[in-house]
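Student: Residue numbers (our numbering), protein chains in the order written: chain D, 1 to 218; chain B, 219 to 436; chain E, 437 to 654; chain Y, 655 to 872.
There are 4 protein chains.
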Amino acid sequence: MILEAVTTKIFSMSPTERLAQLFSEFPGIGRRQARRFVYFLLSKDKVFIKNITNALLAVQEEVLQCEQCYRFYAKDKSSSPHCPICMDEHTDHSLMLVIEKDVDFENIKKADVHAGRYFILGGSIPILEQDPSKKIRARELVAEVSRATKEDGLKEVIIALSANIEGENTTQYVKKILEPLSEKSGLIVSTLGRGLSTGTELEYSDSTTLEHALKNRS
Amino acid sequence: MILEAVTTKIFSMSPTERLAQLFSEFPGIGRRQARRFVYFLLSKDKVFIKNITNALLAVQEEVLQCEQCYRFYAKDKSSSPHCPICMDEHTDHSLMLVIEKDVDFENIKKADVHAGRYFILGGSIPILEQDPSKKIRARELVAEVSRATKEDGLKEVIIALSANIEGENTTQYVKKILEPLSEKSGLIVSTLGRGLSTGTELEYSDSTTLEHALKNRS
Amino acid sequence: MILEAVTTKIFSMSPTERLAQLFSEFPGIGRRQARRFVYFLLSKDKVFIKNITNALLAVQEEVLQCEQCYRFYAKDKSSSPHCPICMDEHTDHSLMLVIEKDVDFENIKKADVHAGRYFILGGSIPILEQDPSKKIRARELVAEVSRATKEDGLKEVIIALSANIEGENTTQYVKKILEPLSEKSGLIVSTLGRGLSTGTELEYSDSTTLEHALKNRS
Amino acid sequence: MILEAVTTKIFSMSPTERLAQLFSEFPGIGRRQARRFVYFLLSKDKVFIKNITNALLAVQEEVLQCEQCYRFYAKDKSSSPHCPICMDEHTDHSLMLVIEKDVDFENIKKADVHAGRYFILGGSIPILEQDPSKKIRARELVAEVSRATKEDGLKEVIIALSANIEGENTTQYVKKILEPLSEKSGLIVSTLGRGLSTGTELEYSDSTTLEHALKNRS
Numbered sequence: 001m002i003l004e005a006v007t008t009k010i011f012s013m014s015p016t017e018r019l020a021q022l023f024s025e026f027p028g029i030g031r032r033q034a035r036r037f038v039y040f041l042l043s044k045d046k047v048f049i050k051n052i053t054n055a056l057l058a059v060q061e062e063v064l065q066c067e068q069c070y071r072f073y074a075k076d077k078s079s080s081p082h083c084p085i086c087m088d089e090h091t092d093h094s095l096m097l098v099i100e101k102d103v104d105f106e107n108i109k110k111a112d113v114h115a116g117r118y119f120i121l122g123g124s125i126p127i128l129e130q131d132p133s134k135k136i137r138a139r140e141l142v143a144e145v146s147r148a149t150k151e152d153g154l155k156e157v158i159i160a161l162s163a164n165i166e167g168e169n170t171t172q173y174v175k176k177i178l179e180p181l182s183e184k185s186g187l188i189v190s191t192l193g194r195g196l197s198t199g200t201e202l203e204y205s206d207s208t209t210l211e212h213a214l215k216n217r218s
Numbered sequence: 219m220i221l222e223a224v225t226t227k228i229f230s231m232s233p234t235e236r237l238a239q240l241f242s243e244f245p246g247i248g249r250r251q252a253r254r255f256v257y258f259l260l261s262k263d264k265v266f267i268k269n270i271t272n273a274l275l276a277v278q279e280e281v282l283q284c285e286q287c288y289r290f291y292a293k294d295k296s297s298s299p300h301c302p303i304c305m306d307e308h309t310d311h312s313l314m315l316v317i318e319k320d321v322d323f324e325n326i327k328k329a330d331v332h333a334g335r336y337f338i339l340g341g342s343i344p345i346l347e348q349d350p351s352k353k354i355r356a357r358e359l360v361a362e363v364s365r366a367t368k369e370d371g372l373k374e375v376i377i378a379l380s381a382n383i384e385g386e387n388t389t390q391y392v393k394k395i396l397e398p399l400s401e402k403s404g405l406i407v408s409t410l411g412r413g414l415s416t417g418t419e420l421e422y423s424d425s426t427t428l429e430h431a432l433k434n435r436s
Numbered sequence: 437m438i439l440e441a442v443t444t445k446i447f448s449m450s451p452t453e454r455l456a457q458l459f460s461e462f463p464g465i466g467r468r469q470a471r472r473f474v475y476f477l478l479s480k481d482k483v484f485i486k487n488i489t490n491a492l493l494a495v496q497e498e499v500l501q502c503e504q505c506y507r508f509y510a511k512d513k514s515s516s517p518h519c520p521i522c523m524d525e526h527t528d529h530s531l532m533l534v535i536e537k538d539v540d541f542e543n544i545k546k547a548d549v550h551a552g553r554y555f556i557l558g559g560s561i562p563i564l565e566q567d568p569s570k571k572i573r574a575r576e577l578v579a580e581v582s583r584a585t586k587e588d589g590l591k592e593v594i595i596a597l598s599a600n601i602e603g604e605n606t607t608q609y610v611k612k613i614l615e616p617l618s619e620k621s622g623l624i625v626s627t628l629g630r631g632l633s634t635g636t637e638l639e640y641s642d643s644t645t646l647e648h649a650l651k652n653r654s
Numbered sequence: 655m656i657l658e659a660v661t662t663k664i665f666s667m668s669p670t671e672r673l674a675q676l677f678s679e680f681p682g683i684g685r686r687q688a689r690r691f692v693y694f695l696l697s698k699d700k701v702f703i704k705n706i707t708n709a710l711l712a713v714q715e716e717v718l719q720c721e722q723c724y725r726f727y728a729k730d731k732s733s734s735p736h737c738p739i740c741m742d743e744h745t746d747h748s749l750m751l752v753i754e755k756d757v758d759f760e761n762i763k764k765a766d767v768h769a770g771r772y773f774i775l776g777g778s779i780p781i782l783e784q785d786p787s788k789k790i791r792a793r794e795l796v797a798e799v800s801r802a803t804k805e806d807g808l809k810e811v812i813i814a815l816s817a818n819i820e821g822e823n824t825t826q827y828v829k830k831i832l833e834p835l836s837e838k839s840g841l842i843v844s845t846l847g848r849g850l851s852t853g854t855e856l857e858y859s860d861s862t863t864l865e866h867a868l869k870n871r872s
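(1) Check this for me: beta carbons of Arg653(E) and Leu846(Y), under 8 Å apart or not?
(2) Using a 10 Å radius around the Cβ and a threshold of 16 neighbouring Cβ atoms, would you call Gly195(D) buried or exposed?
(3) Compare the Cα-Cα distances from Leu296(B) to each of Cys287(B), Tyr288(B), Leu282(B) and Arg289(B) and report the closest residue.
(4) Which first and last residues belong to the alpha helix (DSSP H) in which Phe266(B) is found?
(5) Would Phe442(B) and Ile345(B) be called neighbours here (beta carbons separated by less than 8 Å)?
(6) Anything in chain D within Cβ reach of Ser425(B), meaning under 8 Å, just list it in chain order.
(7) Under 8 Å, do Thr607(E) and Thr852(Y) count as touching if we go by C-beta distance?
(8) What span of residues does the beta strand (DSSP E) with His332(B) cover, start to end?
(9) For the candidate residues Lys704(Y), His744(Y), Ser697(Y) and Ser800(Y), whose alpha-carbon lies nearest to that of Leu832(Y)?
(10) Between the alpha carbons of Gly558(E) and Ser342(B), how many angstroms are there, rounded?
(11) For Thr585(E), which residues in the same chain have their Cβ closer than 7 Å to its Cβ, ignoring the five residues on either side in sequence?
(12) Helix, strand or coil for Ile343(B)? Go by DSSP, reduced to three states.
(13) With 8 Å set as the bound, which would you pick, yes or no: does the beta-carbon of Leu237(B) sit closer than that to a beta-carbon of chain Y?
(14) Could you spell out the range, first to last residue, of the beta strand (DSSP E) harbouring Thr191(D)?
(15) I need the straight-line Cα distance from Ser844(Y) to Lys829(Y), nearest angstrom please.
(16) State the start and end residues of the unbroken beta strand (DSSP E) segment that holds Tyr39(D).
(17) By the three-class DSSP mapping on this structure, what secondary structure does Leu673(Y) have?
(18) In its own chain, which residues sit with a C-beta less than 7 Å from the C-beta of Ser43(D), not counting the 5 before and 5 after it?
(19) Quick one: any contact between the region 701-709 of chain Y and the region 231-245 of chain B, if contact means 3 or more CB pairs under 8 Å?
(20) Cβ of Val157(D) less than 8 Å from any chain B Cβ?
(21) Do you know whose CA, among Leu856(Y), Cys723(Y) and Cys737(Y), lies nearest Leu751(Y)'s CA?
(22) CB Arg35(D) to CB Val474(E), shorter than 8 Å?
(23) Does DSSP put Ile655(E) in a helix, a strand or coil?
(24) So if DSSP puts Phe773(Y) in a beta bridge, which residue, or which two residues, is it bridged to?
(25) Beta-carbon of Asn652(E) versus every beta-carbon of chain D: anything under 8 Å?
(26) Quick one: grab the DSSP three-state call for Leu396(B).
(27) Who are Glu156(D)'s beta bridge partners in DSSP?
(28) Quick check on Phe680(Y): does DSSP put it in helix, strand or coil?
(29) Take Met655(Y) and list the residues in its own chain whose beta-carbon comes closer than 8 Å to its own, dropping the five residues that flank it on each side.
(30) Check whether the Cβ of Pro132(D) lies closer than 8 Å to any Cβ atom in chain E.
(31) Evaluate His526(E) with the Cβ neighbour count: other Cβ atoms within 10 Å of its Cβ, from every protein chain shown; 16 or more gives buried, anything less gives exposed.
(32) If I'm right that Pro15(D) touches Glu602(E) with Cβ under 8 Å, what's the distance once you round it to whole angstroms?
(33) Strictly under 8 Å for the Cβ-Cβ distance: is Ile317(B) near chain D by that measure?
(34) Could you name the residues that DSSP lists as bridge partners for Phe323(B)?
(35) Counting only beta-carbon separations shorter than 8 Å, does Pro451(E) have a partner in chain D?
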């Protein structure tokens, strides 16, 4: 089996090679930077490495994934299987933002522009994908939207995905799977407004952006 | 005088240095690339240089600036002081797009998203500018909007400037100088819609873009 | 104390923030990528995190620093306090390459261009540094060169540092502290040859490089 | 014929399109920047365009190409067919630097590291080129080296080409065509020294550079 082969290979490596190999799997990290990480750690004292291993174990033990929105969140005394936002009565439960990943959530949270719930799709659907439902939490989204419509007064789902080809392909798919719920219960399904984003220069704008910017003028 | 000093300096230069000096004034061209241009021209035959000097003279003689919208356009038999777009009865004369410069016009024209008139401001206003009216065709814009409202049935002015600090500063100023006309004649003054532009990723969006994208959702 | 303050701050953070904070200290990693690392780890299974913590502990326990050349190397059965290169009788012990850091060693090793010993300075000396001996293993270098001259037949030290201002400043300092040994024992102290490096284009070369390239012509 | 077609196409263009078309043939200039050049010129007064056309004509009329070294140089009273460097008795006529192009000459001149003559090859030879003698002034070089050896006391030819694949391929070819002269008259043919160029960091050096830097150590 491939996994065994890889595992064997990893354990015949030297400790530094093994650690570098693992770091090189981190997003955006090549072999060279992975090795630099290892030498960086060798140059730090034992306390730093202790702090990292502790933090790794803590993340593994104390971080839960919300059973409603699939966000990761820190476990607290309540031992609720739902994250603070899903549980908070001050959350606007009539509005759900469907996003791709946790870092998108962090960026939107920091911008402080959405008072409602979230749902993390956990991925996006490439063009020509044969089995789109495998790439995102499709079944989970339909179930949660259905539940929230009935139980929490959900009125509108805003699909908030990136304005690129893969994002738009995913948006089309999400719209399609939410259509039955929309027809049955009057749920509104919307998408983010298009137009000039901060920094856009007229001279370099593509025609789609210009078209939306003109249509959405105010 | 400074100009004389520069002129004297230019004429004491060798022909290649003099030409390189002039090319280095072109937008985005440094001294090194200016010299590369000169050697490129030296490597071309006489016909190429003849073509360039002819084209330069033709541009100077055959290109006019429209007295209404301030676009540059090629002189034709009609010898009208107005460009084909301002003269065309198929143009939607109720709608005027106010833009910064001719390349913006070209980009919007290529996108084929606006059927109305144009007005070229000819610049933008930096933050803290003491004398904003000197930086753009302020007086000319007010005069042309006033004229077009009366004579051509102009109903709406769309300020179409870049979504950066200088563009927004210019937009505020243009709004202010058009306010009296707007109040008097009911002219609508609008700005381009903000939101996600093509390629924008949620993870990297700033809060202003996210805010507008949510507000303009549909 | 500052350290206490930082420690307290770290432990009042959530587990994900704490881990992100530690990753953001890694070389070249900003806050955003540090968070991406955390979410990447959350998305991996327990085995991956187990592998990382194991590899971190292994690196800490099984990697030693050579008492002669200060390279990091994997502990083996011999339990020698010296690395395999320093111990190997096939190493050319008459030649020592003085380099800044372990990744430089790896790059030179991969190139397979040096058959001798190494010495890792562990840093470089910025221009105008008040206390240069604190920035690199100055005392250790003098001691090791002195020892190797007597015991191992060392004949030449090649200072192999980067061809930038800080590298050249460090080279001057290393030359100076080795001068007494050089005078006493006839030890040769040399530096890497300057000239065109792979990819250098004549058009963009600086005068120092051109000067050396002409002088070292062959 | 293609040329006629292109010419016809050019003359059916508007003056601005025609000038933009010509600018887009300049090295490193795309269609967008070519248009920006045209609008830049439209925004300048008549004097600027006059200055450019004059400078273009002056370059064409007053710049000559040296019949010995093929450099471009400004015509002077002497009306010599040879450039000032070839004519200057202070030039070290025993040494000739063979370079690719005029901008390389300018860079070397500025660095003030060579007191001898030059020869401009006028190009370089791509790998796998079928007819290398067409890509550079091969015949002219052999003739000029032969002449200068006899008449001007030329003793050494330094091939000074870029340290990349095409440069090295060209160097090999130039060496080969100069071999007969070298054997017959004892002419030395050398190449620039390889090693660390300014800014090179050890961590990122390739093996060829490291090998030369070690070999040329001093």
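Glycine included, every Cβ here is placed at the ideal spot set by N, Cα and C.
Tutor: The answer reads as follows:
(1) yes
(2) buried
(3) According to the sequence displayed, residue 296(B) carries Ser and not Leu. Checked all of Cys287(B), Tyr288(B), Leu282(B) and Arg289(B); the closest Cα to Ser296(B) is Leu282(B).
(4) Lys264 to Glu280
(5) In the structure as shown, chain B begins at 219 and stops at 436. Residue 442(B) is therefore absent and cannot be evaluated.
(6) Lys110, Ala111, Asp112 and Val113
(7) no
(8) No beta strand (DSSP E) holds His332(B); DSSP gives it neither H nor E.
(9) Ranking Lys704(Y), His744(Y), Ser697(Y) and Ser800(Y) by Cα distance to Leu832(Y) puts Ser800(Y) first.
(10) 52 Å
(11) Leu617, Ser621 and Leu623
(12) In the structure shown, the three-state DSSP call for Ile343(B) is coil.
(13) By this cut-off, Leu237(B) is an interface position.
(14) Ile188 to Thr191
(15) 9 Å
(16) Run containing Tyr39(D): none in the beta strand (DSSP E); it sits in the alpha helix (DSSP H), Arg31 to Ser43.
(17) helix
(18) Excluding positions up to five away in sequence, the list is empty.
(19) Contact between the region 701-709 of chain Y and the region 231-245 of chain B is present, because at least three Cβ pairs lie under 8 Å.
(20) no
(21) Cys723(Y)
(22) no
(23) Outside the shown range of chain E, which is 437 to 654, sits residue 655(E), and nothing can be said about it.
(24) Val752(Y)
(25) no
(26) Helix at Leu396(B).
(27) Residue pairing by DSSP places Glu156(D) opposite Leu95(D) and Ile188(D) in a beta bridge.
(28) coil
(29) In this predicted model, Met655(Y) has a pLDDT of only 41, less than 50, meaning its place in the structure is not dependable; the value taken from the coordinates is given anyway. Closer than 8 Å at Cβ, skipping near neighbours: no residue.
(30) no
(31) exposed
(32) Not quite, the Cβ-Cβ distance comes to about 31 Å (not below 8 Å), so this is no contact.
(33) yes
(34) Beta-bridge pairing links Phe323(B) to no other residue.
(35) yes
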